[in-house]
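What follows is a set of notes on a single structure, which appears directly below.
Protein chains: 4
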Amino acid sequence: MSQRVLKVGILGAGRIGRVHAETLAFRLPGVKLLAISDVNTQAARQVAERCGIPIVADSSAQLLAQPDMDAVLICSPTDTHASLIEQAANSGKHIFCEKPIAFNLEQIDRALDAVHNAGVKLQIGFNRRFDANFARVRQAVTTGEIGDPMRLHIVSRDPAPPPLSYIRVSGGIFMDMTIHDFDMARYLIGDEVEEIYVSGAVMVDPEIKTVGDLDTAVILLRFRNGVIGSIDNSRRAPYGYDQRVEILGSAGKIETSNRYPTNAVISSATSVYKDLPFNFFMDRYAESYIEEMRSFVDAVRENRPTLVSGVDGRMPAVMALAARRSHDERRPVRLEEIDSAMSLAEALKHR
Amino acid sequence: MSQRVLKVGILGAGRIGRVHAETLAFRLPGVKLLAISDVNTQAARQVAERCGIPIVADSSAQLLAQPDMDAVLICSPTDTHASLIEQAANSGKHIFCEKPIAFNLEQIDRALDAVHNAGVKLQIGFNRRFDANFARVRQAVTTGEIGDPMRLHIVSRDPAPPPLSYIRVSGGIFMDMTIHDFDMARYLIGDEVEEIYVSGAVMVDPEIKTVGDLDTAVILLRFRNGVIGSIDNSRRAPYGYDQRVEILGSAGKIETSNRYPTNAVISSATSVYKDLPFNFFMDRYAESYIEEMRSFVDAVRENRPTLVSGVDGRMPAVMALAARRSHDERRPVRLEEIDSAMSLAEALKHR
Amino acid sequence: MSQRVLKVGILGAGRIGRVHAETLAFRLPGVKLLAISDVNTQAARQVAERCGIPIVADSSAQLLAQPDMDAVLICSPTDTHASLIEQAANSGKHIFCEKPIAFNLEQIDRALDAVHNAGVKLQIGFNRRFDANFARVRQAVTTGEIGDPMRLHIVSRDPAPPPLSYIRVSGGIFMDMTIHDFDMARYLIGDEVEEIYVSGAVMVDPEIKTVGDLDTAVILLRFRNGVIGSIDNSRRAPYGYDQRVEILGSAGKIETSNRYPTNAVISSATSVYKDLPFNFFMDRYAESYIEEMRSFVDAVRENRPTLVSGVDGRMPAVMALAARRSHDERRPVRLEEIDSAMSLAEALKHR
Amino acid sequence: MSQRVLKVGILGAGRIGRVHAETLAFRLPGVKLLAISDVNTQAARQVAERCGIPIVADSSAQLLAQPDMDAVLICSPTDTHASLIEQAANSGKHIFCEKPIAFNLEQIDRALDAVHNAGVKLQIGFNRRFDANFARVRQAVTTGEIGDPMRLHIVSRDPAPPPLSYIRVSGGIFMDMTIHDFDMARYLIGDEVEEIYVSGAVMVDPEIKTVGDLDTAVILLRFRNGVIGSIDNSRRAPYGYDQRVEILGSAGKIETSNRYPTNAVISSATSVYKDLPFNFFMDRYAESYIEEMRSFVDAVRENRPTLVSGVDGRMPAVMALAARRSHDERRPVRLEEIDSAMSLAEALKHR
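Right under this line is the structure:
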């Protein structure tokens, strides 16, 4: 089966849709892009032309109606994700969907139920898991290289805040930005968080306060296995995109640092310096986008579970909701407060 | 006046007493060690012999009675600090006292009152302020090199926990270990903390739980100026003494790393490695002990305020008490809850 | 013209031929691979199948006879390069040729004459120029960031020697390995070398001596502008592929270090370590192979000079011959001793 | 015997004399400074006062005549070293002498003969051997950590050239500056050099040419055991004092980097930078001066051979002479060409 060409459609021709289209067109053998659609037809046409996609569908329904399509990528705005997952699942397509699935658990659970009932595969776009640095950290945990993890510290800072218009519909910093770090925390430690405490503030841009959001936060996590996690978020790091991880274990620690375009170091008469790290997440994580596509394509073709499941998409949303409540009520919040409708144990059946 | 020889007595001939004695004897010109005392007379004699101290006093009272003594160092166990400060102040001696002053505010305030009334100088032994790395971080804050501070992160991990017998009388991790980090946080940010939240655990050695203490903690700080601080404490770092600081400001960040005996890097057939960082605090901070003595001696001789005042000794104790309460009650605790007897404003008169 | 599809043929389906085929097939839009040939027909067929190349030619002559082919890549063994350049030039194809052009200047000059007379473009496969690290070093020189260069030091060590069978036909270490460093030296300094002195030895494997070659050498270069260069070559670096550069200028220095799969650092109870740097030149320089292809394709399509000219292919061969003579005669050798048939000035007309 | 106080005199109260005086006065227990002398009596008096030295002698003869003096330090100008060694040896004093012993072998050999005949100890001031970084490199060689050494590379660059007046009497760059690197090369590899080749130039300051000296040089060394060494010297490194070493062995490599006042790294909006490394050799090597004194004092008190012998002082002078000849004659020079009067084998008897 691994020899068969995988036929793929893409819903959404925005920035991330283009990235995945190019990966599937130019980087991964054995994939054929069948169709693309976007409410912005012009954008869809441009990607189609550049990547040699034969069909530009008028709607997602039309795209999903393609009979010989194996899988779809959902790269449209967040508020369409859950509904498109349902539609795609009902059409029997395997699904790659960008994060987050939705801003509320009801929608998420309805989407996951549809996936479950249809028996199709679902992979969520937590691309950072496919970054070589973080994969190396995970390896140090699973092999016992640093012993039993005790402390996890994630630094995740954007170079600059997005436009206010975006922040307004983003779901808030925890749902939009920290959600990657929540996924990373679960992935690296390999266990679930049971309690969250947040100390947040608006320090970068007072306008962000006017739309009810934060731009700076430290998020403490208590994992069920006792590990204490901390996430350091800021919407502005003047020096670029700051993405680091450290785990202290009973036998040692592992740390990763930022990635730089080059490793050149210049010693001048005033300082010893290097150029700034990557500033744009698509540069910093360029290879991870390719690897997550490769992983999705392989999972479908080889009929293996995807490496980022529906539950992996759902739990960070639960965490984001708990984080927001902790901030609002200035107290530690247990995840089971948020997730009453569906216990963690039940959630596991969706894996 | 800077030419006059400063005559100094030392109360306590234990590890830190010896260090200071050697510094004053061999490293700082213009100081004369007059006398030393210790309940362990043998220890006092050995230091006296090595450092050329003419008098081994039978008691602290006898030592303080030396008429021509300008200053004393209090290097005895913590439970004697407050009372010795009072006695030394009443004897008109300038005082250098190891941290902490005491485990409760009543004792601390009585000692500070005595110092205040006697008009003598008091310097508390927060030696890390005199470390070149941390001084460089402070410089980046005061000069505006990184803009306005927004986030402070301190990593402070011991190589291994002290003996249980010590932990039992240590005052607990916050009073014994974090107290240095509380001081560092105040020093680096240059402002007071108003609220503390702790997420702590026993992960290193279950025995530590039996004496009611913790060995692992993340401590969140809210400063009055809005800065969010975090302190990462562990009683065990298998790779050595882990002492790092990072501040994110509006214009950049500054980070310090651990110090190593050498900077040699070996590339073998299996890895690229260097030797472990300093393991022992007296090696890691060797120069800071000399610089704090130099600073104390200069402050006395030149009649300037000491760089680590009585209030600088008191505030970290308040913070330690708040941290413990936060841990016990699993909620953020404001410092004014702890410090009802003496408001922060009043405390400032002791500076 | 940049919109026109460039039609390319590949002579040689070995390791480097495959790399270029995949780059042109999957990474660079606007290129069509027309045909491939190799004396190993099976190898040619495999590459053709993987990369979607329609024609597997029986011979280089048949390949070059394709009427609508714009350019060819010469990826066959070195002893065929010069003759294939001549044939390709005579067929009016633009040429990308792997290094070195040939082991002797007569062959090289005949090939360059053919290129010159045919008016086709020629780019030599010195891929390292397209590496981001080395490009950054060159930038520091051209912008004056480090002032006037005074010293250049290149470390270039292979992980392990190639098989003796290869060494026997390699042209020797200077023609096979150092030739890349000779090119790098000329590229980084932007001037020609006038004298070379070599201190070489067999230290890695005594067998290498039996075939008349070296495995370890320090090569000193005197540039016409006075810069002193040194190249540190070894056929074995147990820790991987060691590729570094340092330039000291009148205003500062710039250094590059090796590249690593990840930047994770692990602190254990015995050392602070990271994984080894890239071991294989195709991993270390993966991106440079793509960039050199992009550069060649762009030069042809936009009718611009290639960035690595025929003279850039010829000069390192002159340097390799001088290096060998210096080693044999244990004295500094001027390049004009080697290059009597064709002066440096004349060589410039081939640029 | 280790309890006996060692009584020491100092010849020369210049910069290095002061450093050693302070080390012996304030850092090393069990040493008594008896007397000091300098043609600049005022300088001698100042050091005497600061360090508590009771006698300021009118002349070296008077100083050496002190009956109860065990050892002398020769810290006077180079042209007096050899003669003072002879006088001190004839007076039965153990001798610490700054490098170089003299600029010509006749003087050196006469001095060493005097030492030999008197049976006193002699240590030469190659302080860098006592630097922790270089000691770690030596350890990697002696323990086999990097296998058999194959290549040694030393970078040794001054921040700025000394005044022309100094250069004029310095003995030239090889005798004045490279001599430290010649010693380091012998020390690290643990074997003798048999051939030297130099590529040198005046690049930093044309005035240096007018006094017949160089300011930039690469010196190639061939050791008897086959190791190829290279030394990279410059009289000006705009970024500070550049002192690094790298050894490639059959099992790995070891590298050291420069030392910095702090390890703080600042990430700004334009670059990631740190402050410059130490600029002044006395800061960079501060601890090594203390360690060499400790080593000398211990050798005398415990009647052990000194760690830097007379031959260790002589060989670098031979190397400096060979380097100069290689530069002048533009050819590799064997050390036996220089050292005809006294073969290497004979030299060993002076160890």
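Chains as they are written, first to last, in this note's numbering: chain S, 1 to 351; chain F, 1001 to 1351; chain D, 2001 to 2351; chain P, 3001 to 3351.
Glycine is no exception: its CB is placed at the ideal position from the N, C-alpha and C atoms.
(request) Taking C-beta pairs closer than 9 angstroms, name the residues in chain S that D:Val2265 reaches, listed in chain order. (result) Sequence index remark: in the third sequence, residue 2265 of chain D carries index 265 (1-based). Ordered by position in chain S, the residues that pass the 9 angstroms Cβ test against D:Val2265 are Lys253, Ile254, Glu255, Thr256, Ser257.
(request) Tell whether a beta-carbon distance below 8 angstroms holds between F:Ile1108 and F:Arg1334. (result) Position 108 of the second sequence, counted from the start, is the residue given in the question as residue 1108 of chain F. Position 334 of the second sequence, counted from the start, is the residue given in the question as residue 1334 of chain F. Not a contact, by the Cβ cut-off of 8 angstroms.
(message) Relative to the C-alpha of D:Val2318, which candidate in D:Glu2246, D:Glu2192, D:Ile2228 has its C-alpha closest?
(response) Taking the third sequence and counting its residues from 1, one reaches residue 2318 of chain D at position 318. Among D:Glu2246, D:Glu2192, D:Ile2228, the Cα nearest to that of D:Val2318 belongs to D:Glu2192.
(request) Would you kindly work out how many angstroms separate the C-alpha atoms of S:Tyr273 and P:Ile3266, rounded to a whole number? (result) The count along the first sequence starts at 1 and reaches residue 273 of chain S at position 273. The count along the fourth sequence starts at 1 and reaches residue 3266 of chain P at position 266. Near 9 angstroms, if we compare the C-alpha coordinates of P:Ile3266 and S:Tyr273.
(message) I need the straight-line Cα distance from F:Asn1263 to D:Ser2165, nearest angstrom please.
(response) The residue labelled residue 1263 of chain F in the question sits at position 263 within the second sequence. The residue labelled residue 2165 of chain D in the question sits at position 165 within the third sequence. Whole-angstrom Cα-Cα distance: 41 angstroms.
(request) Report the three-state DSSP secondary structure of D:Asp2232 (helix, strand or coil). (result) Translated into the one-based positions of the third sequence, residue 2232 of chain D becomes position 232. Three-state DSSP puts D:Asp2232 in a strand.
(request) Report the rounded CA-to-CA distance for S:Asn90 versus S:Asp158, giving the unit in angstroms. (result) Counting from 1 along the first sequence, the entry for residue 90 of chain S is found at position 90. Counting from 1 along the first sequence, the entry for residue 158 of chain S is found at position 158. Cα-Cα distance, rounded: 37 angstroms.
(message) Against chain F, does P:Asn3133 count as a neighbour if the rule is that its beta carbon must be under 8 angstroms from one of theirs?
(response) Counted from its first residue, the fourth sequence places residue 3133 of chain P at position 133. Yes, its Cβ sits closer than 8 angstroms to a Cβ of chain F.
(request) Closer than 7 angstroms by C-beta to S:Ala353: which residues in its own chain qualify, once you throw out the five before and the five after it? Chain order, please. (result) In the structure as shown, chain S starts at 1 and stops at 351, and residue 353 of chain S therefore has no counterpart that could be examined.
(message) So that I know if they touch, is there some Cβ in chain D lying closer than 8 angstroms to that of P:Ile3338?
(response) Working through the fourth sequence from its first residue, we reach residue 3338 of chain P at position 338. Judged by the 8 angstroms Cβ criterion, P:Ile3338 is not in contact with chain D.
(request) Check whether the segment 1220-1238 of chain F touches the segment 1146-1157 of chain F, counting contact only when three or more Cβ pairs, one atom from each stretch, lie closer than 8 angstroms. (result) yes
(message) Does the contact criterion of 3 or more C-beta pairs under 8 angstroms hold for the segment 238-255 of chain S versus the segment 3273-3287 of chain P?
(response) no
(request) Using three-state DSSP, classify D:Val2019 as helix, strand or coil. (result) As a working note, residue 2019 of chain D is residue 19 in the third sequence. Note: D:Val2019 maps to helix in three-state DSSP.
(request) Rounded to whole angstroms, what's the CA-CA distance from S:Ile16 to S:His81? Just pull it up for me. (result) As a working note, residue 16 of chain S is residue 16 in the first sequence. As a working note, residue 81 of chain S is residue 81 in the first sequence. Approximately 14 angstroms, taken between the alpha carbons.
(request) Using the Cα positions of D:Arg2186 and D:His2180, report the straight-line distance between them to the nearest angstrom. (result) Stepping through the third sequence from its first residue, residue 2186 of chain D is reached at position 186. Stepping through the third sequence from its first residue, residue 2180 of chain D is reached at position 180. Answer to the nearest angstrom: the Cα atoms are 10 angstroms apart.
(request) State whether the segment 2121-2130 of chain D contacts the segment 2093-2111 of chain D, with contact taken as three or more CB pairs (one from each stretch) at a distance under 8 angstroms. (result) yes
(message) Check whether chain S comes within 8 angstroms of P:Asp3283, counting only Cβ atoms and requiring the distance to be less than that.
(response) Taking the fourth sequence and counting its residues from 1, the one referred to as residue 3283 of chain P is at position 283. It does not: the Cβ of P:Asp3283 has no partner Cβ on chain S nearer than 8 angstroms.
(request) Please compile the residues from chain S whose C-beta is within a distance smaller than 7 angstroms of the C-beta of F:Tyr1239. (result) Counted from its first residue, the second sequence places residue 1239 of chain F at position 239. The contacting residues are Gly252, Lys253.
(message) Against chain S, which members of the segment 1137-1154 of chain F pass a CB distance test of less than 9 angstroms?
(response) Ile1146, Gly1147, Asp1148, Met1150, Arg1151, His1153
(request) Find the residues of chain D that neighbour P:Ala3388, judging by a C-beta separation of less than 7 angstroms, and give them in chain order. (result) Because chain P is modelled from 3001 through 3351, residue 3388 of chain P falls outside the range shown and cannot be assessed.
(message) Do D:Arg2128 and D:Leu2307 count as a contact pair if the criterion is CB distance below 8 angstroms?
(response) As a position in the third sequence, residue 2307 of chain D is number 307, starting the count at 1. As a position in the third sequence, residue 2128 of chain D is number 128, starting the count at 1. Against a cut-off of 8 angstroms, the Cβ pair of D:Arg2128 and D:Leu2307 comes out as no contact.
(message) Just list the residues that DSSP pairs P:Ile3154 with in beta bridges.
(response) If you number the fourth sequence from 1, residue 3154 of chain P lands on position 154. P:Ile3231, P:Val3245.
(message) Residues of chain F with CB closer than 8 angstroms to the CB of D:Ser2234, please, in chain order.
(response) Counting from one through the third sequence, the residue named residue 2234 of chain D turns up at place 234. Those within 8 angstroms of D:Ser2234 in chain F number zero; the least Cβ separation is about 13 angstroms.
(message) Considering just the uninterrupted stretch of the alpha helix (DSSP H) at S:Ile208, what are its terminal residues?
(response) Your numbering for residue 208 of chain S matches position 208 in the first sequence. That run of the alpha helix (DSSP H) goes 207-210.
(message) Can you list, in chain order, the residues of its chain with a C-beta nearer than 8 angstroms to that of P:Ala3201? Leave out the 5 residues immediately preceding and following it.
(response) Locating residue 3201 of chain P in the fourth sequence gives position 201, where the first residue counts as 1. Same-chain partners within the cutoff: Leu3214, Asp3215, Thr3216, Ala3217.
(message) If you follow the beta strand (DSSP E) that F:Ser1267 is in, where does it begin and where does it stop?
(response) For the purposes of this step, residue 1267 of chain F is identified with residue 267 of the second sequence, where counting begins at 1. 1265-1267 is the span of the beta strand (DSSP E), which, as asked, contains F:Ser1267.
(request) Check D:Tyr2289 in the structure and name its three-state DSSP category. (result) As a working mapping, residue 2289 of chain D is identified with position 289 in the third sequence. Helix.
(request) Flag this pair as yes or no: are the beta carbons of D:Leu2073 and D:Ile2010 separated by less than 8 angstroms? (result) Here residue 2073 of chain D refers to the residue found at position 73 when the third sequence is read from its first residue. Here residue 2010 of chain D refers to the residue found at position 10 when the third sequence is read from its first residue. Taking 8 angstroms as the Cβ cut-off, D:Leu2073 and D:Ile2010 qualify as a contacting pair.
(request) Mind listing the chain P neighbours of S:Leu276? Cutoff is C-beta to C-beta under 9 angstroms, in chain order. (result) Position 276 of the first sequence holds residue 276 of chain S. Residues of chain P passing the Cβ test: Ser3267, Ser3268, Ala3269, Thr3270, Ser3271, Val3272.
(message) What does the alpha-carbon distance come out to for the pair F:Leu1112 and F:Glu1086?
(response) Residue numbering aside, residue 1112 of chain F sits at position 112 when the second sequence is read from its first letter. Residue numbering aside, residue 1086 of chain F sits at position 86 when the second sequence is read from its first letter. F:Leu1112 and F:Glu1086: Cα-Cα distance of roughly 8 angstroms.
(request) List the endpoints of the continuous beta strand (DSSP E) containing D:Ser2199. (result) For the purposes of this step, residue 2199 of chain D is taken as residue 199 along the third sequence, with counting starting at 1. Here the beta strand (DSSP E) through D:Ser2199 covers 2193-2201.
(request) Provide the residue span of the alpha helix (DSSP H) that contains S:Val272, from first to last. (result) By one-based count along the first sequence, residue 272 of chain S stands at place 272. Not the alpha helix (DSSP H): S:Val272 falls in the beta strand (DSSP E), residues 272-274.
(message) Check whether chain F comes within 8 angstroms of P:Pro3054, counting only Cβ atoms and requiring the distance to be less than that.
(response) Taking the first residue of the fourth sequence as 1, we reach residue 3054 of chain P at position 54. So, not an interface residue.
(request) Check the Cβ of S:Phe296 against every Cβ in chain D and list those closer than 8 angstroms, keeping chain order. (result) Mapped onto the first sequence, residue 296 of chain S falls at position 296. None at all; the shortest Cβ gap to chain D is about 18 angstroms.
(request) Name, please, each residue of chain D whose Cβ falls closer than 7 angstroms to the Cβ of P:Val3047. (result) Taking the first residue of the fourth sequence as position 1, residue 3047 of chain P is located at position 47. Neighbours of P:Val3047 on chain D: none; closest Cβ ~37 angstroms, over 7 angstroms.
(request) Confirm, please, whether the CB-CB distance from S:Ile290 to S:Leu18 is below 8 angstroms. (result) Residue 18 of chain S sits at position 18 when you count from the first residue of the first sequence. Residue 290 of chain S sits at position 290 when you count from the first residue of the first sequence. Residue identity check: residue 18 of chain S is Arg in the sequence provided, not Leu. No, Cβ-Cβ distance for S:Arg18 and S:Ile290 is not below 8 angstroms.
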